[in-house]
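Numbering (my numbering), first residue to last: 23 to 230. C-beta: ideal position from N, C-alpha, C; glycine also.
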Amino acid sequence: MAFLPLFGKRTYCTGVSLIAGSSLKNIFGNSHGACVLCSQDGCDDASHFVSSCPVTKSLWFSSSWGIRPYSFLFSSGREMVSWLIHHPFQHLFSNLEMASFFLYGAILYHKLWLCRNEIFHRGVPMDMDLVHKRVEEYFLEHNRLLAQEQVVNEGRRGVAEVRWGLPRPGRVRGFVDFAMAVGVGVVALVFFDNSGSVMTCGVKKVEV
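Below, the structure is given as structure tokens:
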């Protein structure tokens, strides 16, 4: 699990949102089925999801950076996050560009995981154009806030205040996700304090 301060008071949790079939093998077994996104047999695992899937490659290439992810292969979400932070062309980026690049990667994989869940749990057809639109719109929205954060003085309004306003004292924000197989499931949760920092998170196997 990695908690990475991206900018200001906002903290992004990376790891929980990048669970693939192989990450849950202790719960659901060791068999890897077909990739939910591209239907390639035996590829429902983290390595394929974060770097080898044609859907993932297409989204990276269509980004403003035009990356062709053919020369790297990640075996886990942790390796992917490390690459987002320490990519080989970081010396060409300003601090704002570095933050924008990481933000795009976080949003790309977050939206891909949501798309995977919609297909797997609800049978929603794969729509590449819609996925691309969601990634771009969400990135542009948050990147504007990121740019605003760069022009305010330290200690003044951050991204959370710009978008949501000051929360009441002691407010806690929580998010819960659930995945299910035959007879068993897994619940994942993460809680943030009123500054946007992660308070606690966890994953638990349950009987269903």
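Q: Report all residues from its chain with a CB closer than 8 Å to the CB of residue 150; omit the five preceding and five following residues, and keep chain order.
A: 77 and 80
Original post:
Does the stretch 145-159 come close enough to the stretch 110-123 that 3 or more CB-CB pairs lie under 8 Å?
Top reply: no
So, do the stretch 57-74 and the stretch 88-103 have three or more beta carbon pairs nearer to each other than 8 Å? yes
Entirely within the stretch 91-142 and at least 4 residues each: give me those alpha helix (DSSP H) ranges in chain order. The stretch 91-142 contains these whole alpha helix (DSSP H) runs: 99-107.
For residue 226: DSSP bridge partner residues = 209
Report task. Alpha carbon to alpha carbon, how far is residue 217 from residue 192? Give it in angstroms, no decimals. Result -> 10 Å
message: Taking CB distances under 8 Å as the criterion, tell me whether residue 229 reaches chain C.
response: Among the chains of the structure shown, chain C does not appear; only one protein chain is present.
* Buried/exposed call for residue 106, threshold 16 Cβ in 10 Å -> buried
For residue 157 versus residue 130, is the C-beta distance shorter than 8 Å?
Pairing residue 157 with residue 130 gives a Cβ-Cβ distance under 8 Å.
inquiry  = In whole angstroms, give me the CA-to-CA distance for residue 198 and residue 226.
reply    = 11 Å
Using the C-alpha atoms, what's the distance from residue 143 back to residue 239? Look at the range of the chain in this structure, 23 to 230, and you will see that residue 239 is not part of it.
Return yes when the Cβ of residue 206 is within less than 8 Å of the Cβ of residue 277, no when it is not. Nothing can be reported for residue 277, as the shown portion of the chain is limited to 23 through 230.
| query | Measuring CA to CA, which of 60, 73, 122 and 72 is closest to residue 167? | reply | Nearest neighbour of residue 167 by Cα position, chosen from 60, 73, 122 and 72, turns out to be 122.
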